[in-house]
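Take a look at the structure set out below.
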């Protein structure tokens, strides 16, 4: 089975379908068309076979996509926040008053990796108020805390250990983890939000995959929210070569042997070859878009709004804009 | 006994001396003149009386002052880093290989409160390398980790709880905590560094004092490093009024009754009166200097260099500049 | 005539009224209560006497005030943008298609002085599109350019010279200049917007008053928009002393001589005395609010939206949010 | 003649040599090995043929390269500043007291494009002091001004027009223009500085080439300083494909026809093909390195130091560090 370099379940599935011309066994897919051309795809991996073919744990992977986000107006942003809130709410435990901890993964000082910390700065945090007034529940608010653990390269500590320490002290019922992801396609950068119930590997988006953060390691459910902010350089080159060869093919039909060779080459091998060839470009190469600074600002607001509405029962988008933005 | 609004032990002592014309009982003071007009003052509170008069726990309070830091050249910065390193080294446990956690208190998003997080971003972090190579000691490096816990207003969690959680998971021998402080005098902003062995209250500099961070609460020694980045508005006004009255006095000797009234008014009462009067200026007023953005950048480098040299036995200023800046 | 240290005409007038218990001769004042508790005050200096008493050039000074801006919701922000746009529109030349240059005064690197550059980054700039398509007018857009000239301390060039150079090359019909101001009262920081038709002195808010920018120096009308982001330290202390003395007075009626002295002291003298006394705090002391980083972000968006609506005839708030935010 | 997509003259020449196995006619090349493994290459285009083959104006293109800059220590940084200063000094007019204007091209808000504005913020600006003290020359300082004109997309005005306007008002003898460039090779990002006497096209590095800035358009000499901060995505893919094909070739010697096809394909055509294929990745794709935020900070300091030493006759590196950093 070929390995796909993408953090998006929806892309893994797309690739499989392109290659095998069929849906992945053990995987259920559901699509919803929402207002404002927002598309929701719910990929559910239901058994071991699905898990292996997808290279992912069993569970739900929900993608909220809106191509319009590239040049979004305030209405579309609000709609995406609302759709995100609705999808999140479906994943939250039924319990009346959930005590959540929102964790912003990534590095403040590397723009495309700063999504998590940016979201944290916009979360409506209330846990200290619950403590101060000695309350355990409230009809409009739930207890929410939020923090950014940094990345191992700058803290020296496994990010999952920091989070575990904070979880043990602050005792939330749920962790919501935000991270930047890598996509196969530039068009998904900033236009796609993935929610999943199977946890997250901090730093996967920028190529420093670390210990998993999930219910097994933390002891409480982990809902992950990710947005592609970069494209993997090897993937981009790989895709480009595929397209170049396709274009060349039409020019020179006779040169069939080479193309057979290329076509028959395993994706895996081809990818490794390119990776090797890209080596001199350095492990630190990132492919992103010129507008990434602004994108991080915008999409972090959309996600923070979605989380704020989903977690606080008596608060809607108007209130969020009222009290926070 | 009057309460002094300052985070600097050296200022409390100064005030006492000005008022009582004698050294504070129970307090030992030692001064050293170093290279480049750097002055080190070591205030040691040795008994209960000293502690009460100073309004501070027993222990050492070391002040490194260099007026030149206002417009420092690279040489002076290096000198201050070296002096700081030497003073820090004297406070470290004798143990050969110390495992330290450097904690940067304060809020990234409020410039004068961002000193701690800035220092963290410049610390030479090695703990993950020790783990990776399964080492416990090394002749040139010690194991150092570093992180910024945020502030309770944005995390919803007591900062001391976050730090406790991280300490329990990462098991350091020592915590080094960095924070922005408030001074009584603008001239101390950016020119004075205080080291103390008695812990720290996160957020004291910007007026949100929180639970103490010290050996009692964390179970390991806590060395605090602070730099004034703001002046307390009430203190500034108080001082100014004192000086205005003094200036007026010389103009109108006869009006003695009023000045007696003012002179006899307890410092405490006067301060409270001013505080009340300043109320409409809002709890959030800060008095700082125009250059505060640049000062935070510069002084955080000086402190990080000092820490890096003090903690890593085989590393000197040249190496620090070589590998980090 | 006493000198008032404030950039707000409305505060000068307030002070005069407080002192003289009458309206300033030669000055017309008109107040409008708008939606959402937004108050518009239009101060018009109509003759030489008014000009002298106000210490300002003849012309219009319009203040848009909304106390709610301290914790504004999206609705209030939008309302303020709309009110601002309406007031601006009344000041624009009647000409159908105005070619405007928006100038953001101030220093990117000093937070409270960065209002102008922040506004510039949010202006809907179209001049290059008019050039590209060789158009001179359009039913929905007008030709708008925008830039930040920096401050003399970092450019070495008089800001007014840079603007003159750019005006000569780009030939706008109108300059809109944005700057940070100083207020007498902390409560006005971030809640008050002043528009005036008489030009502006770059840097007045942070105490580096420079050559005037006005119709006389630039040859085209200059509309200035300013928002207080700092309070003058001497003013704050002066006001505080006044209030302290008032509070003390009620305690000790008999000490009448001193208070007479203080009361009779000319405002000017008292201010100068305090200024002198504050000297050691440094010329660079600024008094602002802890939230200034966020305030600059928010208020710059409100002003940019107001300008964008006022300048582009076919564009409303919805479109501005659609295309820009 | 094939078109090379690089802003570095030294890369154009390299490519020519690789392809033709000879030096470009009409071009003189001189190499100097300096301290600390810094390599200086001086490419001089001396006639029309050289100009055409290089796709560049006649003049000097000097490259200062130091691979070590990737992880530079303070010594290497200082050495590069000194080498840069020396090369710059050779290009300055012989006149005793030069009045220079340093222009920082690029966009503050796009990290890899922010090199110019960052350099500006570190230039030792003196022109206003010369004016204030009514001096025209000084034994240690020369008159230096500096500003960042922004980019046309955010100002609406041709960058060259803004600069022309400022030049006319401030009357410098020389313009030094700083810009971010694009390289063919990731290894050159942040390790190579190019100086040229033939002017610059603002924005070429990030793909928005604009009107030329040179002696012809400004009426005074223009010395350009550029550093690659990005790699052109099409170039990277192109190079990668070349290397992949080479690797494949060794696997399948027999498939000679295809390789002949590819080898014989004109570089130009191949590049265009890839460019087309990359289209869906968006015009805004940038390929850079994860550390770009820090690189911009570091390299801007090195360049600013170099300029400060070169322009001010009585100032050396020690002073620059003393007064500026």
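Protein chains in written order, with my numbering: chain A, 1 to 325; chain B, 326 to 650; chain C, 651 to 975; chain D, 976 to 1300. The beta-carbon is built from N, C-alpha and C at its ideal position, and this holds for glycine as well.
In the DSSP assignment, residue 1063 (chain D) falls within the unbroken alpha helix (DSSP H) covering 1049 to 1066.
For residue 804 (chain C), the three-state secondary structure derived from DSSP is helix. In this model, residue 776 (chain C) and residue 482 (chain B) are separated by some 47 angstroms (Cα to Cα).
Using a CB distance cut-off of 8 angstroms, residue 166 (chain A) counts as an interface residue toward chain B.
A Cβ of chain C is located within less than 8 angstroms of the beta carbon of residue 1103 (chain D). For the region 1072 to 1098 of chain D, the residues whose beta carbon sits under 9 angstroms from a beta carbon of chain C are, in order, 1076, 1083, 1084, 1092, 1095, 1096, 1098. A direct Cα-to-Cα measurement between residue 1158 (chain D) and residue 987 (chain D) gives close to 10 angstroms. Between residue 1056 (chain D) and residue 1286 (chain D) a beta carbon distance of about 13 angstroms is seen, past the 8 angstroms cut, so the two are scored as non-contacting.
Exposure of residue 419 (chain B) is indicated by the presence of fewer than 16 other C-beta atoms within 10 angstroms of its C-beta. Contact with chain D is found for residue 291 (chain A), since one of that chain's Cβ atoms lies less than 8 angstroms from the residue's Cβ.
For residue 176 (chain A), there is no enclosing alpha helix (DSSP H); the residue is part of the beta strand (DSSP E) that begins and ends at 174 to 183.
In the three-state scheme derived from DSSP, where H, G and I count as helix and E and B as strand, residue 1002 (chain D) is classed as strand. Residue state for residue 1036 (chain D) is assigned as strand, using DSSP reduced to three classes. The three-state secondary structure of residue 39 (chain A), taken from DSSP, is strand. Judged by DSSP in its simplified three-state form, residue 1104 (chain D) adopts helix.
With respect to chain D, the C-beta atom of residue 197 (chain A) has no partner C-beta closer than 8 angstroms.
Inclusion of residue 23 (chain A) and residue 42 (chain A) in the CB contact set at 8 angstroms is not warranted, their separation being larger than that value. If you check each beta-carbon in the region 473 to 491 of chain B against every beta-carbon of chain A, the ones closer than 8 angstroms belong to 473, 474, 475, 477, 478, 479, 480, 481, 482, 483, 486, 487, 489, 490, 491.
When C-alpha distances from residue 26 (chain A) are compared across A:155, A:227, A:54, A:303, the shortest belongs to A:54.
The closest CA to that of residue 86 (chain A), considering only A:107, A:228, A:128, A:63, is found on A:63.
Secondary structure of residue 97 (chain A) (DSSP, three-state): coil.
Take residue 357 (chain B), set aside five residues on each side of it, and the residues of its chain with a beta-carbon closer than 7 angstroms to its own are 365, in chain order.
Across the set A:304, A:234, A:230, the C-alpha of A:230 shows the shortest separation from the C-alpha of residue 1259 (chain D). Remark: C-beta atoms of residue 874 (chain C) and residue 850 (chain C) approach each other more closely than 8 angstroms. Bridge pairing for residue 44 (chain A): A:28, A:60 [DSSP]. Closer than 8 angstroms to the CB of residue 565 (chain B) there is at least one CB belonging to chain C. Taking a Cβ-Cβ cut-off of 8 angstroms, residue 295 (chain A) has no neighbours in chain D, whose nearest Cβ is about 10 angstroms from it.
Contact between the region 818 to 826 of chain C and the region 1123 to 1143 of chain D is present: 3 or more CB-CB pairs across the two stretches fall below 8 angstroms.
DSSP places residue 941 (chain C) outside both helix and strand once states are collapsed to three, so it counts as coil. About 12 angstroms separates the beta carbon of residue 755 (chain C) from that of residue 657 (chain C), a gap too long to meet the 8 angstroms contact definition.
If one requires a minimum length of 3 residues, the beta strand (DSSP E) runs lying completely within the region 1184 to 1214 of chain D are 1197 to 1206, in chain order.
With its beta carbon at least 8 angstroms from every one in chain D, residue 716 (chain C) lies outside the interface. Separation of the CB atoms of residue 1095 (chain D) and residue 1119 (chain D) is rounded to 11 angstroms, and the pair is thereby denied contact status at 8 angstroms.
Residue 843 (chain C): member of the beta strand (DSSP E) spanning 842 to 846, first to last residue. For residue 414 (chain B), the closest Cβ of chain A is not nearer than 8 angstroms. For residue 659 (chain C), no beta strand (DSSP E) encloses it; the enclosing alpha helix (DSSP H) starts and ends at 659 to 670.
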